[in-house]
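Those protein sequence lines, which keep their order, are chains S and P.
Per this note's numbering, residue 9 is the first one in the first sequence, and the count goes up by one each step.
Per this note's numbering, residue 9 is the first one in the second sequence, and the count goes up by one each step.
The structure under discussion appears below in the form of structure tokens.
Protein chains: 2
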Amino acid sequence: MKPKKVTLSSIATELQVSKTLVSLVLNGKADALAINKLTQQKVLDKARELNYKPNQVARGLRMGQTKTLGLLVADISNPFYARITRTIEHEAEKAGYSLIVCSSDESKEREIRLLKTLLNRQVDGIIMTTTLHDPKILQQLLPHRFPLVLVDRSLAGFESNFVGVDNAISAENAINHLIEIGHKNIGFLTLTPDYISSLSERKAGYLHALERHSIAVNNNYILQLDYLKIKNKDYSQLYQFLLDYPEITAVFSANNNLAVACLSIAKTLGRKIPKDLSLITFDDVELFEYTAPSVSSIAQPLEIIGQKSLQILLQQLKNDNFTLQKEILSTQLNLRESSCGIK
Amino acid sequence: MKPKKVTLSSIATELQVSKTLVSLVLNGKADALAINKLTQQKVLDKARELNYKPNQVARGLRMGQTKTLGLLVADISNPFYARITRTIEHEAEKAGYSLIVCSSDESKEREIRLLKTLLNRQVDGIIMTTTLHDPKILQQLLPHRFPLVLVDRSLAGFESNFVGVDNAISAENAINHLIEIGHKNIGFLTLTPDYISSLSERKAGYLHALERHSIAVNNNYILQLDYLKIKNKDYSQLYQFLLDYPEITAVFSANNNLAVACLSIAKTLGRKIPKDLSLITFDDVELFEYTAPSVSSIAQPLEIIGQKSLQILLQQLKNDNFTLQKEILSTQLNLRESSCGIK
DNA sequence: ATAGTTTACTAAATCGTTTTAGTTTTGTTG
DNA sequence: CAACAAAACTAAAACGATTTAGTAAACTAT
Numbered sequence: 009m010k011p012k013k014v015t016l017s018s019i020a021t022e023l024q025v026s027k028t029l030v031s032l033v034l035n036g037k038a039d040a041l042a043i044n045k046l047t048q049q050k051v052l053d054k055a056r057e058l059n060y061k062p063n064q065v066a067r068g069l070r071m072g073q074t075k076t077l078g079l080l081v082a083d084i085s086n087p088f089y090a091r092i093t094r095t096i097e098h099e100a101e102k103a104g105y106s107l108i109v110c111s112s113d114e115s116k117e118r119e120i121r122l123l124k125t126l127l128n129r130q131v132d133g134i135i136m137t138t139t140l141h142d143p144k145i146l147q148q149l150l151p152h153r154f155p156l157v158l159v160d161r162s163l164a165g166f167e168s169n170f171v172g173v174d175n176a177i178s179a180e181n182a183i184n185h186l187i188e189i190g191h192k193n194i195g196f197l198t199l200t201p202d203y204i205s206s207l208s209e210r211k212a213g214y215l216h217a218l219e220r221h222s223i224a225v226n227n228n229y230i231l232q233l234d235y236l237k238i239k240n241k242d243y244s245q246l247y248q249f250l251l252d253y254p255e256i257t258a259v260f261s262a263n264n265n266l267a268v269a270c271l272s273i274a275k276t277l278g279r280k281i282p283k284d285l286s287l288i289t290f291d292d293v294e295l296f297e298y299t300a301p302s303v304s305s306i307a308q309p310l311e312i313i314g315q316k317s318l319q320i321l322l323q324q325l326k327n328d329n330f331t332l333q334k335e336i337l338s339t340q341l342n343l344r345e346s347s348c349g350i351k
Numbered sequence: 009m010k011p012k013k014v015t016l017s018s019i020a021t022e023l024q025v026s027k028t029l030v031s032l033v034l035n036g037k038a039d040a041l042a043i044n045k046l047t048q049q050k051v052l053d054k055a056r057e058l059n060y061k062p063n064q065v066a067r068g069l070r071m072g073q074t075k076t077l078g079l080l081v082a083d084i085s086n087p088f089y090a091r092i093t094r095t096i097e098h099e100a101e102k103a104g105y106s107l108i109v110c111s112s113d114e115s116k117e118r119e120i121r122l123l124k125t126l127l128n129r130q131v132d133g134i135i136m137t138t139t140l141h142d143p144k145i146l147q148q149l150l151p152h153r154f155p156l157v158l159v160d161r162s163l164a165g166f167e168s169n170f171v172g173v174d175n176a177i178s179a180e181n182a183i184n185h186l187i188e189i190g191h192k193n194i195g196f197l198t199l200t201p202d203y204i205s206s207l208s209e210r211k212a213g214y215l216h217a218l219e220r221h222s223i224a225v226n227n228n229y230i231l232q233l234d235y236l237k238i239k240n241k242d243y244s245q246l247y248q249f250l251l252d253y254p255e256i257t258a259v260f261s262a263n264n265n266l267a268v269a270c271l272s273i274a275k276t277l278g279r280k281i282p283k284d285l286s287l288i289t290f291d292d293v294e295l296f297e298y299t300a301p302s303v304s305s306i307a308q309p310l311e312i313i314g315q316k317s318l319q320i321l322l323q324q325l326k327n328d329n330f331t332l333q334k335e336i337l338s339t340q341l342n343l344r345e346s347s348c349g350i351k
């Protein structure tokens with residue numbers, strides 16, 4: 009009753025030849041090995057007739073490569089990662105690779121567990137945004153020289169490929185702009201954990217800009233919000249922050265979720281953006297162009313990030329003596345209505 | 009130099025026992041088979057010492073199940089699919105499954121190719137939003153009774169599990185609302201290919217609402233846009249449409265991308281929403297609450313869609329004599345600024 | 001006629017597991 | 001002290017491919 013499986017052996021048996029022969033023909037190695045053209049055709053025909061499809065699992069086991077890559081991001085539902093994923097998936101498909109996708113939710117434990125799963129599944133390489141702080145954990149988890157590309161976030165003390173943007177410079181530019189149009193009391197919104205390289209670099213850019221303009225840093229103006237609370241739209245901390253420091257005239261938000269939080273809070277708090285509060289955020293989202301007000305943002309080149317990540321990974325998979333690559337891309341500051349001058 | 013692989017045999021050899029024993033112990037089948045507690049401990053210890061990780065590929069081959077599922081959506085970068093994906097991935101992980109994700113880009117050829125890839129990779133089941141029109145193609149491609157859940161879009165003539173929403177009713181409700189607040193000339197925006205069940209049901213809902221209110225259908229008011237053009241932000245057709253039919257006072261958009269197109273066009277065309285043109289769209293996006301104007305939309309229960317899809321798939325994987333399940337969920341109409349009364 | 005080459009093919013090992021069908025040793029019972 | 005059961009373990013097959021190391025026959029050259 010069940011449709012019995014079509015394997016190499018099925019074909020071999022039906023044609024009264026060896027599995028070797030069938031495998032050779034189907035892999036295009038027949039000519040090099042002087043297999044009779046007629047026999048070749050017979051095999052090809054039979055394979056088509058039986059609708060033979062090679063079992064990639066068996067193949068993976070034998071060949072030691074699964075043609076599968078792992079993509080481990082913080083949150084696949086965040087448009088930032090979703091768009092990178094799309095590019096990576098498309099490029100991977102072109103190169104004959106499939107993609108196992110997983111989200112760590114910014115949880116170390118989850119990340120470690122998922123990473124182990126990916127490795128047990130024998131993925132050929134991994135692209136990931138790490139949430140980890142300690143390079144030793146990764147060193148221990150990953151085999152030596154395992155093909156890996158860190159994207160968006162690097163990890164100090166851990167040598168690996170990397171693709172990301174110039175976070176510090178980008179943030180600094182944005183803050184410079186805010187200062188130039190008259191803002192002095194500028195808030196900085198970030199997430200816990202803030203040791204994540206991209207976030208800490210953005211903070212460094214913020215601090216550096218203030219320093220360059222001889223503006224004293226007020227640590228109270230730096231607000232670190234809990235990732236899960238933000239994800240669950242619990243904006244109470246931010247609410248309180250804006251109430252506590254009405255003298256803040258501009259905020260810089262370290263990612264797109266925080267910008268949404270600002271829009272939401274501004275609406276309920278009646279603190280008008282940009283009249284009462286200017287806003288610039290890291291990460292551009294399609295709809296930031298159409299929000300009220302439209303949101304000034306730092307756009308990362310998502311397609312290029314995806315392409316580069318995959319490209320580097322594939323290079324390492326091909327080359328045995330491959331040297332690690334780091335790619336730092338530039339961003340674009342899109343000024344819109346949410347940030348405006350003061351006085 | 010290379011870190012040699014740790015396999016069952018490594019452990020077996022080091023401990024001078026058989027692979028069988030090691031496998032039994034590591035799979036918790038030792039007690040049932042009366043393996044000495046002491047030996048068990050030795051195996052466990054050695055496994056830990058060598059940091060043994062079972063090769064899931066070998067396991068998959070032997071056991072005939074890979075503990076991997078395929079998720080084939082139209083476009084992973086669309087927040088609608090991204091959010092469903094997130095839920096499915098999380099639930100799958102809980103159940104010990106990994107997820108291979110791919111996007112068809114609404115292309116039949118791509119969908120077929122990706123589907124074949126998933127099957128060759130021996131995924132245990134598939135969740136997909138199909139772009140296909142012809143049930144025979146799927147019937148031919150998939151083994152009989154292959155665990156599959158169609159999500160968002162059903163396929164007439166193809167018996168399978170399904171999870172989606174009551175598209176016709178939802179659309180009809182929205183149109184009813186527009187009519188009740190005074191609109192008569194209501195445009196309907198959809199995408200090619202429009203045989204996709206969710207889109208055609210939404211259209212049916214639109215038509216039905218007009219009929220119920222004795223409003224004659226004007227086919228010119230129904231605009232079908234090319235998916236790829238919209239994706240590439242080529243809104244020229246829509247632009248022309250709105251110019252050609254200035255008498256249209258409200259449009260219903262069949263998905264979120266089209267709503268964005270409307271926002272964009274309205275901005276450049278100076279046709280103010282909702283003063284000159286009301287808008288309600290299918291699919292809610294987080295930022296629709298903060299756009300100018302905020303967008304009235306039909307929100308699908310994304311989490312539930314994801315959960316149900318996976319739940320049904322897992323049930324079929326478990327149960328051998330499983331009957332197909334169909335789950336039609338309700339939506340929620342979120343009225344915001346973009347739709348308002350007339351006269 | 002013989003050695004060497006080319007053509008055309010195949011048996012068997014291998015990848016790393018799980019599982020079937022045992023075997024051997026020890027212990028218990030009538 | 002047989003007979004039998006229980007305890008403790010193992011050899012080998014299996015999953016479905018690839019690949020190594022062949023073999024046999026036909027042809028070519030000397």
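Positions of the beta carbon are idealized from the N, C-alpha and C atoms, including for glycine.
Between the Cα of residue i and the Cα atoms of the options, which residue gives the shortest distance?
i      : options                        : result
P/I134 : P/N184, P/K50, P/V81, P/E101   : P/V81
S/L322 : S/S205, S/E99, S/N86           : S/E99
P/G349 : P/R121, P/L199, P/A258, P/Q130 : P/A258
S/T198 : S/V157, S/N228, S/V171         : S/N228
P/G165 : P/A42, P/H141, P/I238, P/Q48   : P/H141
P/L325 : P/P155, P/T331, P/L79          : P/P155
Using a Cβ-Cβ cutoff of less than 6 Å, which residues in the same chain neighbour residue i once the five nearest sequence positions on both sides are dropped?
i      : result
S/Y105 : K75, L77
P/M9   : The predicted model places P/M9 with a pLDDT of 49, which falls under 50 and marks its position as unreliable; any figure quoted below should be read in that light. For P/M9, where only same-chain residues beyond five positions count, there are no Cβ hits under 6 Å.
P/G213 : A176, A179, E180
S/I194 : L186, A258
S/Q73  : D132
P/F196 : Y214, I230, F260
P/I288 : A182, F260, S304, S347
Which residues bound the beta strand (DSSP E) around residue i?
i      : result
S/Q232 : 230-234
S/T15  : That residue, S/T15, is in no beta strand (DSSP E); it is neither H nor E in DSSP.
P/G172 : 169-173
P/V157 : 156-159
What residue range is occupied by the uninterrupted alpha helix (DSSP H) comprising residue i?
i      : result
P/S205 : 205-220
S/T198 : Careful: S/T198 lies outside any alpha helix (DSSP H), inside the beta strand (DSSP E) at 194-200.
P/A262 : Counting along the chain, P/A262 falls outside any alpha helix (DSSP H), and DSSP gives it neither H nor E.
S/G165 : Careful: S/G165 lies outside any alpha helix (DSSP H) and carries neither H nor E.
P/G68  : 64-71
P/V146 : One point to set straight first is that residue 146 of chain P is Leu, not Val, in the sequence displayed. Its alpha helix (DSSP H) spans residues 143-149.
P/L46  : 45-58
Here's a check: name, in chain order, each residue in its chain whose Cβ is nearer than 7 Å to the Cβ of residue i, leaving out the five neighbours to either side.
i      : result
P/S272 : Y243
P/E97  : L107
P/I19  : V30, V51, K54, A55, L58, Y60
P/N342 : D292, S304, S305, A307
P/T125 : none
P/V33  : I43, Q48, V51, L52
S/L250 : I273, L277, R279
For a contact defined as C-beta to C-beta under 8 Å, what are the partners of residue i on chain P?
i      : result
S/V293 : L295
S/N63  : L69, N128, Q130
S/C110 : E97, E101, S106, L107
S/V268 : E294, L295, Y298
S/S85  : P87, A90, R91, T93, R94
Who are the neighbours of residue i on chain S, taking C-beta pairs under 9 Å?
i      : result
P/L271 : L295, E297, Y298
P/T331 : Per Cβ cutoff of 9 Å: no residues; P/T331 is ~18 Å from chain S at best.
At 7 Å on the CB atoms, spell out the chain S contacts of residue i, in chain order.
i      : result
P/T125 : S106
Residue i touches chain P at which residues, Cβ-Cβ below 7 Å?
i      : result
S/A262 : Near S/A262 there are no residues of chain P at all, since even the closest Cβ is about 18 Å away, more than 7 Å.
S/A66  : L69
Mind listing the chain P neighbours of residue i? Cutoff is C-beta to C-beta under 9 Å, in chain order.
i     : result
S/T74 : V65, R129
Within the stretch 92-141 of chain S, ranges of the alpha helix (DSSP H) (whole runs, at least 4 residues): Runs of the alpha helix (DSSP H) spanning 4 or more residues and lying entirely within the stretch 92-141 of chain S occur at 116-128, in chain order.
Segments assigned alpha helix (DSSP H), at least 4 residues, entirely inside the stretch 276-348 of chain P: The stretch 276-348 of chain P contains these whole alpha helix (DSSP H) runs: 310-326.
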